[in-house]
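Whatever position you read off the sequence shown (first residue = 1), add 2 for the working numbering.
Ideal Cβ positions, reconstructed from N, Cα and C, are used throughout, including at glycine.
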Amino acid sequence: MLTSEQIERFREDGYLAVDRLLDYDLDIKPVIDEYQSLLDNLCEQWVAEGRLDEPYSDLPFEKRLVEVYRAGCDYYQAFDIALPNGNIRADTPIHCGPAVFDLLRSPRLLSAVESLIGGEIYSNPIQHVRIKPPARVIETEDVDNALVGATRWHQDNGVALPEADETQMLTCWVAVSEATPENGCLQVAPKSHREGIALHCTISNQLGIPDVLIEQEQARPVPLKPGGVLFFHPMCKHGSLENQSDAFRWSFDLRYNPIGQATGRPHFPGFVAQSRLDPDSALDDYREWERLWHEARAQLADVAEIKSNRWDDKDPLCA
Ligand SMILES: O=C(O)CCC(=O)C(=O)O
Ligand SMILES: [Fe+2]
């Protein structure tokens, strides 16, 4: 559990960084191993489809990812743990593996979550893995893709539907690799969770708060060691820096809310991660989690427009 001092800091500042919260061997290593074998499978598949010349099986994970990326294979959606917000097809890839499912239900993570939002915990489907290459590797068309390049300033409520404005949503940003200002760690604006919702606009393909509305001197980078977690309030303004290092920057952003509250993405599936009142209602089978996502994908495939936020790109304030 978090200390009362940590809880107080979260309430005051709108965020809280906790290093060494997760256990590397229990929470992080199994996920890394799972992504290694996922990449094995994807490379086999891409070779079979003629999209990749060879599987690059002898290369270490990151070098292999660079080759895959250069060949134009979209590893970032195939790795992601949620569907995209638009252009969903019946075969859009998503990764719902057992190690990621265990991370979502990690007792170490959930006990901290319980300290902040109580013991009835729902896994909110707004979640991603972000394995971001060095900026020099990124193709121009991906610079504004927040799974690959830097993330613009935003509030998580601003990228969800307003149905979740009263939801006690908690974002948990988990460092898999070390996160530093050089490799593109998160940055937050302390106490900005009390400033109300800011205007969000789509700026070259990424929804965010226009830079002129952010007081840059407020920005506080949040470095973390592997297994460290940054918790923040859904109104906390945050973004991420560019990865100027030579290595990949790997994180998960997971979200939780009290059971029964709106998630902000009603078309995507969440699940009960923990319930003190009804322990048996918690989901404990990753195959059911995967089935729910596949079911949502079938329903959303080729749907022309899925509304996932409140903003109107034609707003003159965005011009
Ligand atoms: O990791 C990133 O670049 C962005 C993460 C983010 O916006 C979030 O965790 O809410
Ligand atoms: Fe965010």
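Exposed or buried, which one is residue i when buried takes at least 16 other CB atoms within 10 Å?
i: F273; result: buried
i: L201; result: exposed
i: L319; result: exposed
i: K239; result: buried
i: N185; result: buried
i: V161; result: buried
i: T142; result: exposed
i: G52; result: exposed
i: P62; result: exposed
i: N89; result: exposed
i: N43; result: exposed
i: T169; result: buried
What first and last residue would you give for the alpha helix (DSSP H) that runs through residue i?
i: C45; result: 31-50
i: H195; result: Neither: H195 is in no alpha helix (DSSP H) and is coded neither H nor E.
i: A298; result: 288-302
i: S113; result: 109-119
i: F81; result: 77-81
State the DSSP-derived secondary structure class of residue i, mapped to helix, strand or coil.
i: V150; result: coil
i: N159; result: helix
i: K65; result: helix
i: C320; result: helix
i: A306; result: coil
i: L18; result: strand
i: V70; result: helix
i: D248; result: coil
i: L172; result: strand
i: S283; result: helix
i: P164; result: helix
i: S339; result: Nothing in the structure corresponds to residue 339, since the chain is present only between 3 and 321.
i: D27; result: helix
i: R11; result: helix
i: A137; result: helix
Following the continuous beta strand (DSSP E) through residue i, name the residue where it begins and the one where it ends.
i: I205; result: 203-205
i: P127; result: 123-134
i: V190; result: 188-190
i: P100; result: Looking at the DSSP string, P100 is not in any beta strand (DSSP E); the run it does join, the alpha helix (DSSP H), is 100-106.
i: V224; result: 222-224
i: L232; result: 231-234
i: A275; result: 273-276
i: M210; result: According to the sequence as given, residue 210 is Gly; it is not Met. Counting along the chain, the beta strand (DSSP E) containing G210 begins and ends at 208-210.
- Message: Any residue with its Cβ nearer than 7 angstroms to a heavy atom of ligand 2 should be included. What is that list in chain order?
- Response: T153, H156, D158, V161, T173, H240, D255
- Query: Pairing CB atoms from the region 191-200 with CB atoms from the region 254-274, are three or more of them under 8 angstroms?
  - Reply: no
- Message: Under 8 angstroms: do the region 276-287 and the region 147-160 share three or more Cβ pairs, one atom per stretch?
- Response: no
- Three CB pairs or more closer than 8 angstroms across the region 70-86 and the region 118-132: yes
- With contact counted as at least three CB pairs below 8 angstroms, one residue from each stretch, are the region 14-28 and the region 226-246 in contact? yes
- If we count Cβ pairs, one from each stretch, closer than 8 angstroms, do we get three or more for the region 137-145 versus the region 296-309? no
- Query: Hey, is the region 173-189 in contact with the region 241-254, meaning 3+ C-beta pairs nearer than 8 angstroms?
  - Reply: yes
- Item | Validate contact between the region 36-51 and the region 91-101 using beta carbons, cut 8 angstroms, 3 pairs | yes
- Are there three or more Cβ pairs, one per stretch, closer than 8 angstroms when the region 244-254 is compared with the region 207-219? no
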